[in-house]
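Here the structure comes first, spelled out in structure tokens, and everything after it is commentary.
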Amino acid sequence: MWSTFVMTLRTNLQDKASMFWLIVFPLALATLFNMMFADLGEQYELKAVPLATVQNVNWTNAKGASAFIDALSGKAKDTTGISQPLLEATPADSVDKARDLISKGDADGYLTVDKQGRITLTLASGTVAGMDGSSAAVSGKSITISALDGAISLYNRTDTLTRKLIADNPGAATSRTFWTSIGSTTGMTRETTLTNFAPDVATRYFYALLAMACIMAMSYSIRAVVTAQANLSALGIRRSVAPLSRRRQLIAGFLASWLCASVCLLVALAYIRFVLGVPFGGREPAAVLAVAVASFMACAFGTMIGAIPKLSHGVKVGMTSAIACTLSLFSGLYGAFAMSLSDWIARNLPVLALVNPTQQVVNLFYDILYFDSYRPFLATCGVLLAMSALFLAAGAIMLKEQRYEHL
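Going by the numbering used here, the first residue of the sequence shown is number 79, and it counts up by one from there.
Structure below.
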């Protein structure tokens, strides 16, 4: 049995086609993804918007408004705690001069203050027309403008409320508690995360790539089963008269295939994690376990495919590629459309997502990254092990029923 294990392992390592699909292909495609999606995260980053500030009489009289704009532009971050400026302020004496700045391309809009001290944001028509998210820079600017609009609205509401309270109760202006409560309204919003880790937008595509490479690992166990079948290979004929039982031959071949597939996928995992910097939420040991479980499922799947009678080795390997490519469509590998389709299936047809091996492999890494608890990860491992049991049982039944009249 040990000799069969070593021989199968050596044969797998010499299989150039399988080594390509399990090592070279994931590394090459991951590198391509890294170049394609390098700027994708910028779509969700705040970028300071160049705005003109009309510093007329109203601006001079509204000390609070000018201080607020200075804070948003990062000039007073030491006292406000604002680390990311929302605007780049360019002074202008009048609205006409602010519009001149817009026409020259030096500003995307302007800020004015009315007699009541309220701030108004006016955007250039070209800026509004371009806020369609067609590029990373425009999309980032859209998010910043939305945040800026929300901050200005909060300031105006707070200022109006403060003036009304002081008008109704003049004594409140001398109360420290009153001003403390007013100042705390700016802290109603806190940056937080609902997941264990905040990943980059492109991270999901790398997980889908690992899932596809995992399914391609079926080719190893298919070879192990085919070489144990007397009607499909010359080696199978010799093995049929060997003193080692076919059951032990298959077990040795399966374990060698599992080991080889796991090592190949770990190489791809290490490259994606440490060379390309794709995060796994600081849970790399769990990611290694995920690879082991996923490759076990893939080898079990390959055992079932390999046990299908009357199909040649080439046909079965071709089935491996077809299955991997098809299932990867529904796990989000082929771009934004495929990722949206995967999300739609998970929301509306969860049963289909449950029976899709590639989606379950992707879910392993989602569980590691997004959840504080390991319970979802262990549940997904249970799903994959249940799949493995079904695949192995189906393969064992087909192999048990096979008989040969002659060789």
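Where is the CB? At the ideal position from N, CA and C, for every residue including glycine.
Tell me whether the beta-carbon of residue i lies closer than 7 Å to the beta-carbon of residue j.
{"i": "Ala207", "j": "Pro128", "result": "no"}
{"i": "Thr436", "j": "Leu405", "result": "yes"}
{"i": "Ser335", "j": "Cys377", "result": "yes"}
{"i": "Met375", "j": "Leu462", "result": "yes"}
{"i": "Phe284", "j": "Ile350", "result": "yes"}
{"i": "Val439", "j": "Cys292", "result": "yes"}
Could you check which residue in the options has the C-alpha nearest to that of residue i?
{"i": "Arg282", "options": "Phe115, Pro454, Met85", "result": "Phe115"}
{"i": "Phe146", "options": "Leu110, Leu105, Val135, Arg196", "result": "Arg196"}
{"i": "Lys193", "options": "Leu287, Trp137, Ser144", "result": "Trp137"}
{"i": "Phe352", "options": "Leu328, Ile221, Ala472, Leu105", "result": "Leu105"}
{"i": "Met476", "options": "Val356, Val304, Tyr444, Val369", "result": "Val304"}
{"i": "Leu150", "options": "Leu189, Leu179, Asn112, Ser409", "result": "Leu189"}
{"i": "Tyr444", "options": "Arg361, Leu430, Phe469", "result": "Arg361"}
{"i": "Tyr110", "options": "Ser203, Val135, Leu354", "result": "First, the amino acid is wrong: residue 110 is Leu here, not Tyr. Of the listed residues, the one whose Cα sits closest to Leu110 is Leu354."}
{"i": "Tyr233", "options": "Thr205, Phe83, Thr198, Gly204", "result": "Thr198"}
{"i": "Asp174", "options": "Gly187, Lys125, Leu165", "result": "Gly187"}
Quick one: is residue i buried, meaning 16 or more other Cβ sit within 10 Å of its Cβ, or exposed?
{"i": "Asp227", "result": "exposed"}
{"i": "Met290", "result": "buried"}
{"i": "Asp450", "result": "exposed"}
{"i": "Val102", "result": "exposed"}
{"i": "Thr238", "result": "exposed"}
{"i": "Lys478", "result": "exposed"}
{"i": "Ala286", "result": "buried"}
{"i": "Ala424", "result": "buried"}
{"i": "Leu87", "result": "buried"}
{"i": "Phe98", "result": "exposed"}
{"i": "Met113", "result": "exposed"}
{"i": "Ser213", "result": "At Ser213, the pLDDT of 47 sits below 50, so the modelled position is not reliable and the matter cannot be decided from this model."}
Out of curiosity, what's the CA-to-CA distance linking residue i and residue j?
{"i": "Phe358", "j": "Leu343", "result": "15 Å"}
{"i": "Leu243", "j": "Asn139", "result": "20 Å"}
{"i": "Val142", "j": "Val279", "result": "Just to set this straight, residue 142 is Gly in the shown sequence, not Val. Gly142 and Val279: Cα-Cα distance of roughly 38 Å."}
{"i": "Ile223", "j": "Lys182", "result": "20 Å"}
{"i": "Ser373", "j": "Met417", "result": "23 Å"}
{"i": "His391", "j": "Ala295", "result": "15 Å"}
{"i": "Gln133", "j": "Thr200", "result": "15 Å"}
{"i": "Ile401", "j": "Ser81", "result": "32 Å"}
{"i": "Asn441", "j": "Leu91", "result": "29 Å"}
{"i": "Ala368", "j": "Asp148", "result": "50 Å"}
{"i": "Ile180", "j": "Thr236", "result": "30 Å"}
{"i": "Leu485", "j": "Arg326", "result": "Note on Leu485: pLDDT 47, under 50, position unreliable in the model; the coordinate value appears next. Taking the straight line joining both Cα atoms gives about 21 Å."}
{"i": "Met408", "j": "Pro163", "result": "The sequence as given places Phe at residue 408; Met does not occur at that position. The alpha-carbon atoms of Phe408 and Pro163 are separated by roughly 40 Å."}
{"i": "Cys403", "j": "Ile221", "result": "36 Å"}
{"i": "Ala229", "j": "Gly249", "result": "28 Å"}
{"i": "Asp93", "j": "Ala348", "result": "22 Å"}
{"i": "Ala202", "j": "Trp422", "result": "37 Å"}
{"i": "Ala170", "j": "Asp178", "result": "9 Å"}
{"i": "Ile446", "j": "Phe455", "result": "6 Å"}
Length at least 4, wholly inside the segment 382-417: the alpha helix (DSSP H) runs in chain order: Segments of the alpha helix (DSSP H) lying fully in the segment 382-417: 391-407.
Runs of 4 residues minimum, wholly inside the segment 312-381: which ones carry the alpha helix (DSSP H) assignment? Counting only runs of 4 or more residues that sit fully inside the segment 312-381, the alpha helix (DSSP H) segments are 312-318, 324-348, in chain order.
Could you tell me which whole beta strand (DSSP E) segments of length 3 or greater appear in the segment 123-178? Unbroken beta strand (DSSP E) stretches of 3 residues or longer found wholly inside the segment 123-178: 127-132, 165-170, given in chain order.
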